[in-house]
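In the numbering used here, each residue's number is its place in the sequence shown (first place is 1) plus 81.
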Amino acid sequence: MGFSNTGLMPSLLQAVAAQGYSEPTPIQSAAIPVILSGEDLMAGAQTGTGKTAAFALPILQLLSSDAASGQPRALVLAPTRELAQQVYRSFVAYGKQCDLRAALVYGGASINSQLSALADGVDILVATPGRLLDLIGRGAVELSQIRHLVFDEADRMLDMGFIDEIRRILKQVPEQRQTLLFSATFDPAIFDLSKTLLKEPKLIEVDARNTTAALVEQMVYAVDADRKRELISYLIGSKNWHQVLIFTRTRQGADELASEMCKDGLKTQAIHGDKSQGARERGLEAFRSGEIRALVATDVAARGLDIDQLQYVVNYELPYNNEDYIHRIGRTGRAGGSGLAISLVSPAEEYLLEEIETMIDRKLPQQWLPGFEPDPSKPVNTPRKSSPGAQKKRARDRALGKSGKPGGRSGGRNRRRR
Ligand code: AMP
Numbered sequence: 082m083g084f085s086n087t088g089l090m091p092s093l094l095q096a097v098a099a100q101g102y103s104e105p106t107p108i109q110s111a112a113i114p115v116i117l118s119g120e121d122l123m124a125g126a127q128t129g130t131g132k133t134a135a136f137a138l139p140i141l142q143l144l145s146s147d148a149a150s151g152q153p154r155a156l157v158l159a160p161t162r163e164l165a166q167q168v169y170r171s172f173v174a175y176g177k178q179c180d181l182r183a184a185l186v187y188g189g190a191s192i193n194s195q196l197s198a199l200a201d202g203v204d205i206l207v208a209t210p211g212r213l214l215d216l217i218g219r220g221a222v223e224l225s226q227i228r229h230l231v232f233d234e235a236d237r238m239l240d241m242g243f244i245d246e247i248r249r250i251l252k253q254v255p256e257q258r259q260t261l262l263f264s265a266t267f268d269p270a271i272f273d274l275s276k277t278l279l280k281e282p283k284l285i286e287v288d289a290r291n292t293t294a295a296l297v298e299q300m301v302y303a304v305d306a307d308r309k310r311e312l313i314s315y316l317i318g319s320k321n322w323h324q325v326l327i328f329t330r331t332r333q334g335a336d337e338l339a340s341e342m343c344k345d346g347l348k349t350q351a352i353h354g355d356k357s358q359g360a361r362e363r364g365l366e367a368f369r370s371g372e373i374r375a376l377v378a379t380d381v382a383a384r385g386l387d388i389d390q391l392q393y394v395v396n397y398e399l400p401y402n403n404e405d406y407i408h409r410i411g412r413t414g415r416a417g418g419s420g421l422a423i424s425l426v427s428p429a430e431e432y433l434l435e436e437i438e439t440m441i442d443r444k445l446p447q448q449w450l451p452g453f454e455p456d457p458s459k460p461v462n463t464p465r466k467s468s469p470g471a472q473k474k475r476a477r478d479r480a481l482g483k484s485g486k487p488g489g490r491s492g493g494r495n496r497r498r499r
């Protein structure tokens with residue numbers, strides 16, 4: 082079905098055509114009519130599915146037929162500045178022909194330009210929670226006119242500990258409103274939050290819960306931890322890959338890897354939370370334009386990165402939080418393109434792989450690259466997770482030898498060649 086069947090008005094149909102979108106994605110086909118009808122919505126859609134347009138387009142339409150007040154009438158909350166920027170850019174791009182003003186506020190950047198943007202009057206506000214509260218505290222914005230409230234990547238907001246901020250923001254927002262909650266994954270915490278936020282929501286899931294993007298090929302290379310850097314440089318060089326997004330668990334790890342890869346002759350930069358906003362944006366721009374070949378990022382820094390036709394994502398280290406795996410590989414295979422997600426798994430990380438496989442309910446094809454086979458005589462130091470809850474306990478139990486084998490998987494590493 083084309084966009085004309087979604088109920089969007091002609092100026093928005095022109096806007097999507099100008100973006101080169103010929104068909105709505107499944108989340109857009111399902112969500113746009115529901116949002117236009119004014120109902121609450123809980124949508125399971127990971128990044129790359131077109132979810133931003135799925136809420137931005139109908140909100141632009143609803144606001145166009147409603148009188149402006151100078152104060153925001155739509156509020157989109159996003160966990161990170163990168164995601165907030167991406168959402169804001171989408172509103173601006175799709176709303177070119179609408180007489181509506183959008184503003185973007187996020188932490189880690191000067192508040193003055195944000196104050197003056199708000200003073201000019203705004204219809205759509207895209208915000209990270211902390212900075213929004215700061216601005217409310219200064220009397221720079223008020224939320225009493227909000228008609229549409231969107232939680233983008235709600236699972237991530239909870240993971241990042243924003244629940245208190247969310248509660249404080251909710252106190253400022255009218256009861257009478259439309260609420261839309263988008264989340265890549267659903268777990269009990271999300272359902273709990275949804276009960277307090279949404280009224281008789283329509284539930285839309287474009288993929289089965291917790292599944293990985295369908296067009297992303299997932300591969301696992303078993304390799305010793307101390308040979309990962311050599312292996313990744315070899316893969317990028319020998320296969321002539323460009324625009325490779327690489328994930329590490331720590332900021333320091335990201336910096337070290339980027340500098341080592343530069344020594345290998347591969348232009349690489351790192352982005353993470355210790356870098357200034359300007360440095361992160363410059364790194365991203367260099368990556369987008371192809372000036373650098375690889376970008377090393379931590380999970381938080383990579384949220385919201387929207388890079389067209391990103392083909393390669395590498396998990397240099399597996400994430401402690403399983404759901405980050407889905408978010409990471411969702412950076413590739415976007416909006417119908419194909420992608421390759423490679424995980425470099427050391428023997429000590431095998432239990433993390435096992436947990437990911439349980440979550441996505443499939444085994445991942447594994448291989449050893451000749452010359453990089455794991456050395457069975459090396460000791461295995463299983464890392465401990467720092468994330469809360471059951472995962473942490475399982476990791477601790479393993480490390481203490483209370484359950485499972487060192488390295489985690491039954492059959493041990495020798496069964497891994499397939
Ligand atoms: P999102 O899931 O919102 O992060 O969107 C992922 C990417 O899909 C973005 O680069 C959008 O520009 C693109 N996109 C959104 N809707 C469509 C569509 N209907 N057809 C093609 N690309 C789209």
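Glycine is no exception: its CB is placed at the ideal position from the N, C-alpha and C atoms.
Note that the coordinates shown come from a computational prediction; the quantities given were computed from them, not determined experimentally.
Give a yes or no on whether the C-beta atoms belonging to THR133 and SER171 are separated by under 7 Å.
yes
Beta-carbon separation (whole angstroms), PHE453 vs LEU312, contact threshold 8 Å:
5 Å
Who are the Cβ neighbours of SER491 in its own chain at under 6 Å, not counting the five residues just before and after it?
Bear in mind that a pLDDT of 34 at SER491, under 50, signals an unreliable position, so the model cannot answer this.
Select from ILE192, ALA165, PHE243, ALA190 the residue whose C-alpha is nearest the C-alpha of ALA183.
ALA165
Quickly, what does DSSP pair LEU376 with across the bridge? List them, please.
LEU326, GLN350
Bridge partners - PHE263, DSSP secondary structure assignment:
ALA124
Starting from the C-beta of GLY420, find all residues in its chain whose C-beta is less than 6 Å away, skip the five residues before and the five after it, and write them out in chain order.
VAL297, GLN392, THR413, GLY414
Please look up how many angstroms separate the CB atoms of PHE328 and VAL381, rounded, as I've assumed it's under 8 Å.
Actually they are not in contact, since the Cβ atoms of PHE328 and VAL381 sit about 11 Å apart, beyond 8 Å.
In terms of alpha-carbon separation, which member of PRO457, ILE441, THR439, LEU425 lies closest to GLN447?
LEU425
Cβ neighbours of ASP204 in the same chain (closer than 8 Å, five flanking residues each side left out):
LEU144, ALA149, PRO153, ARG154, ALA155, LEU181, ARG182, ALA183
Distance check for LEU433 and GLY470, CA to CA, integer angstroms please.
With a pLDDT of 46 at GLY470, under the threshold of 50, the modelled position of this residue cannot be trusted, and the question is left open.
Based on DSSP bridge pairs, tell me the residues matched to GLU286.
GLY125
Out of curiosity, what's the CA-to-CA distance linking GLY151 and ALA159?
22 Å
By DSSP, does PHE232 sit in helix, in strand, or in coil?
strand
Do the region 240-256 and the region 200-217 meet, that is, are 3 or more Cβ pairs less than 8 Å apart?
yes
Local Cβ density within 10 Å of THR266, reported as buried at 16 or more and exposed below that
buried
Quick check: what's the CA-CA separation for ARG228 versus PRO460?
58 Å
Counting along the chain, where does the alpha helix (DSSP H) carrying TYR315 start and finish?
309-319
When DSSP labels each residue in this structure, what does LEU181 get in the three-state scheme?
coil
Can you tell me whether HIS353 is buried or exposed? The criterion is at least 16 other CB atoms within 10 Å of its CB, across all chains shown.
buried
Three-state secondary structure assigned by DSSP to LEU144:
helix
Simplified DSSP state of SER92, which is helix, strand or coil:
helix
Quick one: what's got a C-beta closer than 8 Å to ILE113's C-beta in the same chain, skipping five residues either side?
THR87, GLY88, LEU89, PRO105, ALA135, LEU138, PRO139
Given this structure, state the Cα-to-Cα distance separating ASP147 from LEU141, to the nearest angstrom.
10 Å
Residue burial classification, GLY176 (beta-carbon count within 10 angstroms, cutoff 16):
buried
The ligand AMP and THR87: does any heavy atom of the ligand fall closer than 6 Å to the residue's C-beta?
no
My understanding is that TRP449 touches ALA339, with C-beta atoms under 8 Å, so please give their C-beta distance in whole angstroms.
Going by Cβ atoms, the distance from TRP449 to ALA339 rounds to 26 Å, so no, they are not a contact pair.
To which residues of the same chain is ALA235 closer than 7 Å at the C-beta, ignoring the five residues directly before and after it?
LEU262, PHE263, SER264, ILE271, LEU274
Just to confirm, are ILE437 and MET300 a CB contact at a threshold of 7 Å?
no
Quick one: Cα of PRO457 to Cα of ILE285, how far?
47 Å
By DSSP, does ASN402 sit in helix, in strand, or in coil?
coil
Where does PRO91 land, buried or exposed, given buried means 16+ other C-beta within 10 angstroms?
exposed
Are the beta-carbon atoms of VAL287 and ALA335 separated by less than 7 Å?
no
Among ASP355, ASP268, LEU347, which one has its Cα closest to the Cα of PHE368?
LEU347
Could you pull out every residue in the same chain whose Cβ sits closer than 8 Å to the Cβ of ARG290, ignoring the five residues on either side in sequence?
Only weak support exists for where ARG290 lies, its pLDDT of 41 falling under 50; the coordinates are left without a value.
Output the distance between the C-alpha atoms of MET440 and ILE407, rounded to the nearest integer angstrom.
10 Å
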